Each structure stands twice: as C-alpha cells, then as structure tokens.
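Notes follow the structure.
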Amino acid sequence: MESQTSKNTNYTRSLIEASLDPFVAISVDGKITDVNEASIKVTGITRKNLINTDFSDYFTDPKKAKEIYLQVFDKGFVVDYPLTIKHKNGNLTDVSYNASVYKDEKGKVLGVFAAARDVTAQKWAVDLRKANKELAFQNEEKGKRAEELIIANEELAFQNVEKEKRAQELGIANVELAFQNVEKEKRAQELGIANVELAFQNVEKEKRAQELGIANEELAFQNEEKGKRADELAIANKELAFQNEEKGKRADELAIANKELAFQNDEKEKRAAELAIANEELAFQNEVKEKRAAELVIANEELAFQFDEKEKRAAELVIANEELAFQNIEKEKRAQELGVANKELAFQNNEKEKRAAELVIANSELAYQNEVKEKRAAELVIANEELAFQNKEKEKRAAELVIANEELVFQTKVKEKRSAELVLANEELAKQNIEAVKQGIANRELEASNIDIKLDSQYSLSLIEASLDPLITISSAGKITDMNEALTNITGLTREELTDTDFLDYFTEPQKARGVYQEVFANGSVNNFPLTLRHKDGKLTDVLFNGSVYKDDEGNVEGVVIVARDVTEQKRIATELTEAMVFAELATEIAEHAKIKAEKATKIAEDAMKAKQQFLSNMSHEIRTPMNAIIGFTKVVLKTELTPKQKEYLKAIKISGDALIVLINDILDLAKVDAGKMTFEQIPFKMAISISAMLHLFETKIQEKNLKLVKVYDDKIPSVLVGDPVRLHQIIMNLVSNAVKFTTKGKITVAAKLLNEDNQKVTIEFSVSDTGIGIPENKIDRIFENFQQASSGTSRLYGGTGLGLAIVKQLIEPQGGSINVTSKVNEGSNFTFTLSFLKTKADAELDMELIELDTDITNIKVLVVEDIALNQLLMRTLLDDFGFECDIASNGKIAIEKMQTKKYDLILMDLQMPEMNGFEATEYIRNEMKSNIPIIALTADVTTVDLAKCKAVGMDDYIAKPVDERLLYSKMVGYLKKTTLAIEPDVRELAKTIKIKCTNLNYLNTRTKSNRVLMMEMISLYLEQTPPLISEMKKSLSKKDWKTLHATVHKIIPSFSIMGISVDYENMARQVQEYASTQQQAEGISEMVLKLEEVCLQACDELKIELNTIKNNTNE
Amino acid sequence: MNNGNKIKIFLVDDDAVSLKLLEIEFLQHGDFTIETYATGELCLENLSHNPDVIILDYYLDGINKKAINGIETLDKIKAINANIPVIMLSSQDKIDIAISCMHHGAFDYVVKSETAFLRLQKIITAIFKFKKIEKQLNWYMERM
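In the order they appear, the protein sequences are chains S and F. So for the first sequence, the working numbering puts the first residue at 1; every next one is plus one. So for the second sequence, the working numbering puts the first residue at 10001; every next one is plus one.
Put into structure tokens, the structure is as follows:
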C-alpha cells in the first residue's frame, strides 16, 4: 500500500515535471510551495530559489497577480486569466492563468494550485488578425485608387469624345466649305457662261450696230442721192419752165401754134405740175427719211451707250469672276489647310484613343486585381472568422477544462473519500496495533506518512488531470499503465480501453514513436519530439513528445512518463500564418505587378508625348525646309523686274507662306507649352520702339481695310526694361491681328499704361481694343481654349486656327501676368493684359529691326555650310545683296578644308548635313582649330533640344529657316562688329597684314620715272576704265555672252601688271578667257569672275587713295 | 623725216591704260612724236599725218563690237600705204595670231608684257636700220 502510494506519487510527480505549462503550488500566505520544471524554465530561477518566495514577484503585474490569487480563495478557482510571467533575463511570457484551491481531507484550504498556459501563440493570432485588418484596409485604399483612376479614365474618354466631336465639327465645316466651293465654282462657271453669252450678245449687238451704222450710212447716202436727184429735178423743172417760157414765146411768136402743141404744152404743164407734186412728195419723203436717219442716229447712240454699259458690266463681271476665282483658290487652300489640320487632329485623336484604350485595359487589369484582392481579403476575413471561431472553440475547450477540473475536483473528493476509508482502515489498524507499542509508534509514523502521501497524491492527481496535454505512463514493456483525461479526449477512447494497450498504436507513425520510446529508455528523457496522435474517428493531433523514465525507490526503471503536448493549434496557426504570409506576399506581388503595369502605362504615355514632340519637331523641320526655299526665292524673285500681275501673284505666295510659317510656329509654341518647355528670356529692351516697330507690320493691312490704328503709350514707362520682347511681340501681334481680322470699320487702339512702379519692377497694362464683331457673352469663357473661336462660323468667315488666343494666354500666365476680355457683340472687344518687367540701368541692345544696310562693313567673307543646292543658291543671293563675299561648302568637312586655305569672317552653318554635320563641324572648329570665328546656325528645326545643343557645341547664335533677311543681316552685322571691335585694339598690326594691298605702284613708278603727273594720268585712266569693264564682265557672264566676256576680260588683263596686281589674278583672268573661248559654263568661272571683280574694286579703292596722296604731294 | 628729225609713231589701242603707259614710255625713252588712237578707224583717218611706225593692238573690237579689229586695220593701212611698218601688239601669246599678223604684212608681233616696250624699242631701231639699209641699197641700185 505504501509502495503503491509512493509509486503513485512518483509518477504524478514525473507527469507534472514533464508538463510544459508552468505549475505552481502556492500556500495560503502566497508563498510558493512547489513548482514544476516548466516554471523554472519560464522564470529562469532554480527550484530552490523559487520555493518560499512570493509568487507574485514573477509576474509583470504583481498587484494583479495577487488580486487573482485572492479571487481563487474567494471563488475556489479562476479560469483563463491573462497575465505575463517575467523571466529573470527579461523575457516575457503571456500566459492564461488557471488556478484552484486545494484542501486537505477535512476540506481545509491548504493553498492554491495554479497552472499557467503559455498563450504567446494565441497572441500571435491576434496580431495576425490585426495584420489582416491592415491588409483589408490597404485593399480598400487600392480599391479607392482604382476608382479614382476609373474616374480619370472616364474624364479622358470624355475629353476624347469632345475632341472627336470637335474634329467631326471641323470635318462638317470642311464638307460645308467644300460644298460652298463647289457651289461657287458652279456659280463661277455659270457666270462664265453668262459672260460668254453676254460677250456673244455684245458681239452680236456690235455687229447689229455696225450693220445699222452701215444701213444708216446707206440711207444717208441714198438721201443725199435723192437730194441730188431732187436738185437735178428742180433744175430740170427750171429748165423745163424756161423751155416752156421759150416755147410760150415761140408759141406767141408762132402765134397760134398748133393746138396739138398747145395741148402738148398743157399736157406738159400738167406733167410739170405733177412733177412738182412728185417733187414735193419726194422732198417730204426726204424729210421723213432724214427724220428716220436722225432717229436711227439717236437709236445708234442709245445702242452704243447700251453697248458701253454692257461692256462695263461685262468688265465688272470679269473682275467679279476673277475675285470669285481668287476666293475659290483661297478657300481651296484653306480647305487643304483644314484638311491637314484635320489629319493631324485625327492622328492625335487616334493616339489619344490608343492611350485611353491602354488606360482602360490597365484599369480593367487593376480592377481585376482589386477584385482578386478583395476576394483574398474576403478569404482572409473568412480565415479570420475561422480563427475567431477556433478561438471561441478554444475558449469552449478551456471551459470544458474547467468542467474537467471540476470533475477532477470531484474525483479528488472521491479519492479523498477513499483516503478517508483508508483512514478508517488505518484507524482499524491502529486499533489492532494498540497493544503493540512499537507497532503503535510505527503506525503513528505510518499514519503521518500516509497523510503526507495522501496529500501529495491528491494534489498531484489533480494537477495531472488538470493538464490539457495528454499525460501517459508506460511500462517498460510499452503498455499504457495510466493516463489523464486529455489523452482520452485526444484518442477518443476511455481510460479502460486505453489501459494496458500498446501506446504506439495511437500514433500515425508507430515506428518513429517506438524510436522515441527507446530513446527515452536509453537517455532517460526526450524533448519536444514531433509526432502525430490519432483519434479513433481518424482525427489527427500533432503533438510534441516529451518523456522521461521514472524509477522506483531503489532506482530501477519502472516505466516512462510521457507528456504529449498538443501543437495542432500552433501548427495550424503556423500554417495559416504561412498562408497569410504567402497571401500577403502574393498581394504585394500583384500590387507590385500593378505598379509596374501602371509605370509601363505612364512610360508609354510619356513615350507617346515624346513621340508627339519628336513628330512636331520633325514636321517643323520637314515643312520649314521647303518653306525656306519657297519664301526665300519668292522674296528674291520679288526683287526682280516683274509685271504687276506677277508681282501680285508672288506676293500672294509670300503671304500664304508667311501664314503657314506662323501656323507652324503656333503649333510648335503650343507643343512647347504642353511639354513645359516654354522658356522666357530676360533681356533689356526698349519697350516703346519695340512695340511701334511691331505695329508697323500691320500698317498696310490696316490701311487696306480702311481702319484707324490708335497708339496710346504711357510716357511714364521707363524706356529700357528687362523681359522677353519676342514673346511680348507675339502676344500683341496675336491680339492686334485678331483685332484687324474681326474689324471691318472703325479703329483699333493699342495702349500701354503704367500700373505700378517700385524700385525693382514695373507693372504695365496693355490693351488692344477694336470696333469689330465682338464676342457673344456665352462664348467669352471659351475663347482662350485651344482651337476655339467665338463661333464655329467665325473661321469660315475670317479664317484662322483658333490657336492665337490660347497661345496668348499660355504666354502671359507663365510670366505671372493675367489677361481679361470684355466685349459686346457688334460693338467691339477689349483685351487687357498685365505683365511685370524688371527695371534696369543697362542699355538695350540695338533693335534688330532698325539696322539698315551698314556701308562700313565691306570685304566680308562668309562661309555658308549648307548641303541643299536650293538653299545654297538662296544664301548666295541674299549675301550678294548684302554685299558680302560668300563661299559655299556642302558639308562640315569641306567647310573645315576651306577654312584652312582661306580666312573667313563668319560662318553660316546648317545643322543636318551628310558626312559631317553642323554640330561636329563646330566642335572641330572650336576645339581643334581653336578658332573664335562667329558661327550662326541655320536650322529648320527650332525645338529647344537643338538650340541647347547649338549653344553647347559653341555656336554663337541661330537663325530659323525660312531665313528672315533683315534678321540674318542684323545678326551677321552684330557679330561682325563685335569681332572687329574685339580684334582692333590688340591685333591691329595683324589685321593690317591680313588685308594685303593688292596694288603696287613700283612698276608704274619705274615706267614713269616717278613722274607724278603721268602716274596720276595713268591711275585716273584706270579708275575711269575699270568699273565699266567689271560691270560688262559680270553682265556678260550672267547673260552667258561668252564673246563679250572674253573681250572684256582681255581688256582687263594688261592693267593687272601695270598696277602691280598679283600675277595670280592675271592668270585667273586668262583662265576665264580660256573658259569663255570654249563658250560654255565651266565650273568655278563665276567664282573667278567674282574674285576678279573683288580685286579690281579693291584696286580701285587703293588707287583712289594713291591718287589723292600723289595729288596732295603735287600740290605741296 | 617729218617734223624735223623726230620719228612719228602712231599708237592704236582701245585699252586706255595700256595706251597711256605706252605713250609715257615712248616719250620718256626717246625723242618721238606720239599720236594715240583708241580705234582703228581714227588711225586710218589720220594716216595723212604720215606716221613712221604704227603700233597696233590686235584686239580693237573688244568693247565696241562695231569697231574694226586689228587685222582689218592692218589690211587697210597696207592698202593705203604698204610702206608704213606696223607692229602688232597683243596681250595673247598665241602662235596663230602671230602668224596671221605676219601674213597680213605686219613688221613684227609683240606680246603685251613688262618687256613689251623694250622689244618695241628694239624693233623700231631695227626698222630704221632696215630702212636705212634699204635706202642705201636703193641708192646703190640706182647707181648701178
């Protein structure tokens, strides 16, 4: 019995020690009376040091621990109270605290037994839940962002639809225009036919008039004839009368003549009377005819007048027709321009639609990902619910444990009863042993020890049963000898069924379990070996297997005590955690993916933007290059002698070309603004001169339209200001050209008023007002938008792209200004804008526009580097006009070669050329040749990129093609002056040697024996003879009159040696002569002629000076 | 001969500068009577002045295309008085021009250059030597 009890105590003790949950027994006064191994591990303090210390010392919140302790005494137990145990090294362990009192057999409370379950893992679950919530929140955020993107997309789509509508409107407008054109053409044709008809009728009428004239003349002639005949008749009558008288006389003389005769006389008299009557009749008829003739004359005059009228009308019709035809051409041009603009728009729309489509795809992708995320989130929520549910389950189990504990308590009570029975038995024994004193003593001792053991086993048992971990004792043969309630729960078998069965049967891997079991025997213990227990209905429980042998009093191994800790929950939580982590990672990955996609989409959009810019830049280059030639040559041709018609047509070409360039510039400007590349210069300039020079450009147009231009300039504005004059020009030009365009009568007022002035800057209000058609109130807000005009009909009537005001706004606002407009329909509009300018003491650079041809600058050699033949010719023509000498190199390489053999004053450099482009050539000139020669870039492409590159390689300036003659000249002169100014002070000597005198009077001196008079005679003869020869030479070259060229050059040749001009030129002249004699255009002939001209003119200049010196010397 | 003993030379050239230079040189290098003419026509008109030597430019129709050229002038001079020696002057050093001049009865052909005057001087000296010899020969022939 004793050994049984001792054995019992031993293995309960082992079980308790094996438990991983810290168990503590606490006395009534709060001191620790006993602990298990787990408690030692969790606190890090040895058993010895723990016993008899205050238990509450080992919690982070001792006060709370004490309260619970008191609660246990109050209620008899406490369940799942959360506390935190502190390890001596500072580690904290969250525990769920379960405690109950234990009593002696008399029911006296001996102390508290406490089991603290480690709930760190459960806390983890809580953290996980928080993490999940966080994820859910992030998902929501992403959902919101996706919605925002969707809204943005819709916005874009809406804008695209708007643009398409506008494009459609433009298309309709185009169709309308085309229709009108057709109508007009028809009308023109009808008019033409009508004209032809009229002309025909006119011709007919002229013919009829001529016929009438002839008829009249005929009539007049007949009248005359009749008049003559009447006269003759009258004479005849008189004659007759005379004869009658004679005959009467004869009758008288003959006395009574023949009755026959009398009768005859009577007859004759009668006839005479009849003749007289007939004569009168004739006279009357003549009168009538004269009247008719007069009437006919009047009718003729009338006809002639009508004919004149008709001719006038026909002429008017012809003019009207021409006008119509011109308008038709204009309209067709406009229609074409619109067509181009439409195509551009359509292309941009396509691009935008593509981008929109891409965005929509990206969005749907995002939406889909969001959905997936939401699903996952939902799954996570479900997982959370599951977790919550499991937690609840655990709580339930805890509750069940409490019940089990109660059960244990109950069983303890039963045991106590049994103990009581034992006590009774003992008492019986005591009675039996009363007589034997020794026995009695022994008995008493036994009794005492029994009480001890009983107490021991009672609380050990209650501890074992309270454990949630299956505790098993196994005999050395491997049979289960005892177990706690937890094992029966996990296996689903009763205590009775389990006892004496092979414990290995309950593991999924019996072999492994056996290995573990054997290890326990071999090593005495085993720790945390993972195994799986099987429930009878198949449910598996992952456990951590801990075991140690237990021995009898003599140290013989009696069996093994095993604690299998249920780690299913931990495992499951771990798995869920891993899953959640995987999900989270997946979600992150998806998010990353979406981000990459979004970035890709952004990149595509950026690329598209870049492509657009590139396209515009290319377009500008492609259009400018031919335009350069068109406008340039038009200008050149305009300078030649032309008929007024030709001049008119060429002017039309130039105006159209200029308009096209303005349009291209507008589009480029807008593209620059869009790309954020619009930059503003800060240079000093003279505001008043600048504005009036600019307004000058409008004078002809304003005069043509019979308008008045009123300039109001505030004198208080400082004369020199710092700002961007080019942009200011552009703004005012746009506004004024609009004003001119939309005003048919009245005046245009341009005003500048000083608004504010302080030490640093001035604010100026500019206004441009007109008396034109005005802007309807409902359209006034939209006129600053791109491609907007107050009414869609406006462009049909007045033309224009609708970009002007958009550009104006984009030019003003980035400079910190503002623009306002007030307008009344049919009364006029008033545009007002304010801009600030810095004050300066510096002098403004000379205004480009004001420089006239500078006669001081002569003998300038310019190297033009340009590959396109047309442009070469154009540049040569321009430079000839300026009076500059010019050499052409068709690429950078040739230019460098030329520079090595000849000295130039300035280079005009095209950028895009074969072999060696302008950038490379400039770099070479600056870095390898170390030359500071001014280089001006000629570029058709005026994007900011190129200009930056020009400056970077060391070019001094640039000029956009088509080259503006005045700008080119002023820029060239600016640089030429700079260099001469720079060179003159320190390199004067050098400059002198460079400019070698081409004449030498040594020969003349020797020949004339320094006879001044003779020399003077010679020189003046040369000066007299040479210039006409030169002009003759040039003329004959241009006319390809080889014979004259030959002769003139021949005449020039001897003078070279006389005046000491280098024999090289003489040879050159001979060469020209040689070419001329072959009678064909040889390469280089024109260059040579130019050189000859140059040297002769230089010689003339030099000789003039010589002549003067000689003259002065002679006078002395 | 005429005008005392001075030799009279006609200079004919449409290049005024060359003409003047030549005149200066002749005046400086000897005692000549010089008459200058810019065209062949003028020269022919004034043949009555009895020049001893005519120096005639080959190209006389360079500027004025209607003007007669050097060869034509030469022919006409020879037609009027074959005894007047004519020296042709040209800026071109061409054998065919030289030969054609000789064929038309020019006494010599000189290319315009720095040395042209020297050569002209020599030629003129030669002409008078030649004439003197001729005269002497004629005198002796008469005697014979």
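Cβ coordinates follow ideal geometry from the N, Cα and C atoms, glycine included. Predicted, not measured: the structure shown is a model, and the values here were computed from it.
Under the Cβ distance rule, tyrosine 10109(F) does not count among the residues neighbouring chain S, no pair being separated by less than 8 Å. Note that the C-beta distance between alanine 335(S) and leucine 177(S) is below 8 Å. Contact annotation: in the stretch 10024-10042 of chain F, residues whose CB is within less than 9 Å of a CB in chain S are Ile10024, Glu10025, Leu10027, Gln10028. The beta carbon of serine 10100(F) does not come within 8 Å of any beta carbon belonging to chain S, so the residue lies off that interface. The alpha-carbon separation between glutamate 681(S) and glutamate 777(S) amounts to approximately 35 Å. Within a 10 Å sphere around the beta-carbon of asparagine 1108(S) sit fewer than 16 other beta-carbons, which makes this residue exposed. In this chain, the beta strand (DSSP E) harbouring glycine 547(S) covers 540-551. Collapsing the DSSP output to three states places aspartate 127(S) in a helix.
When the beta-carbon positions are compared, aspartate 770(S) and serine 829(S) come within less than 8 Å of each other. Taking 8 Å as the threshold, the shortest C-beta distance from threonine 999(S) to chain F does not fall below it. For the pair arginine 624(S) and alanine 948(S), the CB atoms are not nearer than the 8 Å cut-off. Scanning the stretch 630-661 of chain S for uninterrupted alpha helix (DSSP H) segments of 4 residues or longer gives nothing; none is fully contained. With a threshold of 8 Å between beta carbons, lysine 10094(F) makes no contact with chain S. A distance below 8 Å between beta-carbons, with the five flanking residues on each side excluded, links threonine 84(S) to the following residues of its chain, in chain order: Phe59, Thr60, Asp61, Leu92, Thr93, Asp94, Val95. Flagged as an interface residue toward chain F: alanine 1047(S), by a C-beta distance shorter than 8 Å. By the C-beta density criterion, lysine 635(S) is buried, having at least 16 other C-beta atoms within 10 angstroms. In the same chain as proline 10051(F), and ignoring 5 residues on each side of it, the C-beta atoms closer than 8 Å to its own belong to Lys10008, Ile10009, Phe10010, Glu10035, Ile10084, in chain order.
Per DSSP, the continuous beta strand (DSSP E) segment holding glycine 828(S) begins and ends at 828-839. Beta bridge pairing from DSSP links tyrosine 10059(F) with no other residue. At the C-beta level, glycine 804(S) and asparagine 738(S) come within 8 Å of one another. Annotation for alanine 10126(F): the continuous alpha helix (DSSP H) segment containing it runs 10116-10143. Per the coordinates, the alpha-carbon of glutamate 765(S) lies some 15 Å from the alpha-carbon of valine 808(S). Counting C-beta pairs with one atom in each stretch, the stretch 584-593 of chain S and the stretch 345-360 of chain S have fewer than three that are closer than 8 Å, which means they do not touch. In this model, leucine 10021(F) and leucine 1004(S) are separated by some 8 Å (Cα to Cα).
Residue environment for alanine 99(S): buried (at least 16 other C-beta atoms within 10 angstroms of its C-beta). Shown here, isoleucine 691(S) sits in a helix according to DSSP, grouped into three states.
As summarised for the stretch 56-89 of chain S, the continuous beta strand (DSSP E) elements at least 3 residues long and confined to that stretch are 77-86, given in chain order. Sequence-ordered contacts of the stretch 1075-1093 of chain S with chain F are nonexistent [C-beta pairs closer than 9 Å]. Scanning chain F for C-beta atoms nearer than 8 Å to the C-beta of methionine 1018(S) yields Val10017, Lys10020, Leu10021, Ile10024, reported in chain order. Contact check for threonine 1006(S) against methionine 1059(S) fails: the beta carbons are separated by 8 Å or more. In this structure, DSSP gives glutamate 866(S) a state outside helix and strand, which the three-state scheme calls coil. For serine 10100(F), no beta strand (DSSP E) segment is defined; the enclosing uninterrupted segment is the alpha helix (DSSP H) at 10095-10103. Scanning its chain for C-beta atoms nearer than 8 Å, with the 5 sequence neighbours on each side dropped, one finds around phenylalanine 503(S) the residues Ile472, Ile474, Gly478, Lys479, Ile480, Ala513, Tyr517, Ile562, in chain order. Listed in chain order, the alpha helix (DSSP H) runs fully inside the stretch 912-956 of chain S are 918-927, 944-953, counting runs of at least 4 residues. Beta-bridge annotation (DSSP): proline 684(S) is paired with Val722(S). Glycine 816(S) and glutamine 912(S) have their alpha carbons spaced roughly 37 Å apart.
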